[in-house]
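Quick note on numbering: the sequence shown equals residues 26 to 382 in our numbering. Worksheet: one structure, shown below.
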Amino acid sequence: MKARLSKWRLFSLVAIVALVLSGCGEPFLSTLQPAGEVAKTQYDLMILSTAIMVIVILAVVIVYVIAIIRFRRKKVGNKVPKQVEGNHKLEIIWTTIPILLLLVLAVPTVSTTFSLDDTKAMEKDSEGNREALVINVRANLYWWEFEYPDQGIITSQDLVVPTDQKVYFNLHASDVKHSFWIPAVGGKLDTNVDGVNQFFLEFDNEKAKEAENLFYGKCAELCGPSHALMDFKVKAMPEAEFDSWVKNMQNAEEHKPTTAKAQEGQEIFNQKCLSCHAVSPQDGRPEQARMAPNLATFGERSRIAGILEHDEEQLKNWIRDPEAYKPGNKMTGTYGELSESELDALAEYLMGLKVQE
């Protein structure tokens, strides 16, 4: 008996802890702390549907409790309670109430679905121009590419967006199905090999400040052994700062190493890595030739391969054996043949790749 009681106490403790932890979250990642119009709209729908479900559950529980108390055998004996089949009033009530509840949920859900699906602003006018910011997102095993077609810029792993305006996305994948998801800013949407999905997000400036202008994005579709490691970062900044960033990226010149070791690293990079990677944000290669992340802003990133600390030691570990950190990734080559001094030189060159200091 004591052992059984102890188990129930443990179960209760675990349940309470789970309930408390379910309310925890960080502003850069939590869906329960919406940071934009889309996220707030979806959050409100979630609260509405949860409230309706709770009301239904409470009503059922109340009726159930009343029934087992009022009509328990000890009280009524073997007497059969009055039957209510054929009661038109009750039938109308328990038919009408569910219909009303469904309407309360269905009307805002359908309305919201259509409003969030409105991507007409992505279309170009007769002169080939458009006012909206459009970003082409390409998902790969296991990294992300972000192309700003109207600005002539390509980045990888770090998505940069302005706040307080709608940002439109074209989503597709180069290998298998993935799913683009920034939890704090909006729901996920699949990236398919065939066809392009379109939607928009809006990043609230005040919420971005709370998150220190950095949100986390993830792949939300099981895509392979390193699916859980397919992350990216979102830098949200005011429109003026974003415009400045765009100009810097558009005017970025070819990176010139400042030390002898970095110059050696550049030579190694040109021999071993340049066939897949690029080091210019104005990457003019066709999509088929962009087989690996653009490294133009590699030195400005906060993570290596999206998961490792951003320092030379972790970079060298990644170059030595990428498979050990992201199983199934497509980074291949003769990196194992590099000596320690060559790895040092390559790491110094890559860490110096910056557009903005």
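Positions of the beta carbon are idealized from the N, C-alpha and C atoms, including for glycine. Note that the structure is a prediction, hence the values are computed from the model and not measured.
### Task
Find out if the Cβ-Cβ distance for the pair Ala245, Phe205 is shorter than 9 Å.
Position 220 of the sequence shown, counting from 1, holds the residue named residue 245. Position 180 of the sequence shown, counting from 1, holds the residue named residue 205. Contact: yes.
### Message
To the nearest angstrom, how far is the alpha carbon of Ala384 from that of Trp168?
### Response
Outside the displayed span of the chain (26 to 382) sits residue 384, for which this structure offers no information.
### Task
With a threshold of 16 other CB atoms inside 10 Å of the CB of His113, please say whether the residue is buried or exposed.
Translated into the one-based positions of the sequence shown, residue 113 becomes position 88. With fewer than 16 other Cβ atoms within 10 Å, it is exposed.
### Task
Sort out for me which residues DSSP pairs Lys260 with in a bridge.
What you label residue 260 is simply residue 235 of the sequence shown in a count that begins at 1. Bridge partners of Lys260: Val185 and Leu239.
### Message
In whole angstroms, give me the CA-to-CA distance for Glu338 and Arg345.
### Response
Residue mapping note: residue 338 aligns to position 313 of the sequence shown, counting from 1. Residue mapping note: residue 345 aligns to position 320 of the sequence shown, counting from 1. Taking the straight line from one Cα to the other gives about 11 Å.
#### Entry: Span of the alpha helix (DSSP H) around Lys114
Within the sequence shown, residue 114 is the residue found at index 89, counting from 1. Segment His113 to Leu141, the alpha helix (DSSP H) holding Lys114.
### Length of the line joining the Cα atoms of Phe199 and His280
For the purposes of this step, residue 199 is taken as residue 174 along the sequence shown, with counting starting at 1. For the purposes of this step, residue 280 is taken as residue 255 along the sequence shown, with counting starting at 1. Sequence check: residue 199 is Ser here, not Phe. When rounded, the distance between both Cα atoms is 29 Å.
### Cβ contact (3+ pairs, closer than 8 Å) linking the region 153–160 and the region 171–182
yes
#### Entry: Exposed unless 16 or more other CB atoms sit within 10 angstroms - verdict on Ile72
Locating residue 72 in the sequence shown gives position 47, counting from the first residue. Under this definition Ile72 is an exposed residue.
### Query
Run through DSSP, which three-state label would Leu226 get?
One-based indexing of the sequence shown puts residue 226 at position 201. Strand.
### Message
Would Ala64 and Gly211 qualify as a contact pair, given that the criterion is a beta-carbon distance under 9 Å?
### Response
For the purposes of this step, residue 64 is identified with residue 39 of the sequence shown, where counting begins at 1. For the purposes of this step, residue 211 is identified with residue 186 of the sequence shown, where counting begins at 1. Going by C-beta atoms, Ala64 is nearer than 9 Å to Gly211.
### Message
Can you tell me whether Met78 is buried or exposed? The criterion is at least 16 other CB atoms within 10 Å of its CB, across all chains shown.
### Response
Indexing the sequence shown from 1 puts residue 78 at position 53. Burial call: exposed.
### Message
Can you confirm whether the region 209–227 touches the region 296–309 when touching is taken to mean that 3 or more C-beta pairs between the two stretches lie within less than 8 Å?
### Response
no
### Query
With distances taken from CA atoms, which of Leu378, Pro311, Lys286 and Met376 is nearest Ser366?
For the purposes of this step, residue 366 is taken as the residue at position 341 of the sequence shown. Among Leu378, Pro311, Lys286 and Met376, the Cα nearest to that of Ser366 belongs to Lys286.
### Query
Using the beta-carbon count (16 or more within 10 Å), is Trp343 buried or exposed?
Within the sequence shown, numbered from 1, the residue matching residue 343 stands at position 318. So Trp343 ends up on the buried side.
### Message
Using a Cβ-Cβ cutoff of less than 7 Å, which residues in the same chain neighbour Asn230 once the five nearest sequence positions on both sides are dropped?
### Response
Position 205 of the sequence shown, counted from the first residue, corresponds to residue 230. Within the same chain, Asn230 has close Cβ partners Thr188, Asp189 and Pro263.
### Task
For the region 53–100, list the alpha helix (DSSP H) runs that are entirely contained and at least 4 residues long, ordered along the chain.
62–95
### Task
Specify the secondary structure class of Arg34 as computed by DSSP and reduced to three states.
On the sequence shown, residue 34 is found 9 positions in, with the first residue counted as 1. Note: Arg34 maps to helix in three-state DSSP.
#### Entry: Identity of the residues DSSP links to Asp346 by a beta bridge
For the purposes of this step, residue 346 is taken as residue 321 along the sequence shown, with counting starting at 1. DSSP output for Asp346 lists no bridge partner at all.
### Task
Report the three-state DSSP secondary structure of Ile332 (helix, strand or coil).
Against the sequence shown, residue 332 aligns to sequence position 307. Ile332: coil per DSSP, three-state reduction.
### Message
Tell me the rounded alpha-carbon separation between Cys298 and Leu130.
### Response
Position 273 of the sequence shown, counted from the first residue, corresponds to residue 298. Position 105 of the sequence shown, counted from the first residue, corresponds to residue 130. Going from the Cα of Cys298 to the Cα of Leu130 covers about 54 Å.
#### Entry: Separation of Asn165 from Ala317, as counted between CA atoms
Against the sequence shown, residue 317 aligns to sequence position 292. Against the sequence shown, residue 165 aligns to sequence position 140. One C-alpha to the other measures close to 9 Å.
### Query
Secondary structure at His302, three-state DSSP: helix, strand or coil?
Indexing the sequence shown from 1 puts residue 302 at position 277. His302: coil per DSSP, three-state reduction.
### Task
List the whole-angstrom C-beta distance separating Gly353 from Ser269, where the pair is believed to meet the contact cut-off of C-beta under 8 Å.
Locating residue 353 in the sequence shown gives position 328, counting from the first residue. Locating residue 269 in the sequence shown gives position 244, counting from the first residue. Not confirmed; about 38 Å, so no contact.
#### Entry: Ala60 versus Ala372 - alpha carbon distance
Translated into the one-based positions of the sequence shown, residue 60 becomes position 35. Translated into the one-based positions of the sequence shown, residue 372 becomes position 347. Taking the straight line from one Cα to the other gives about 36 Å.
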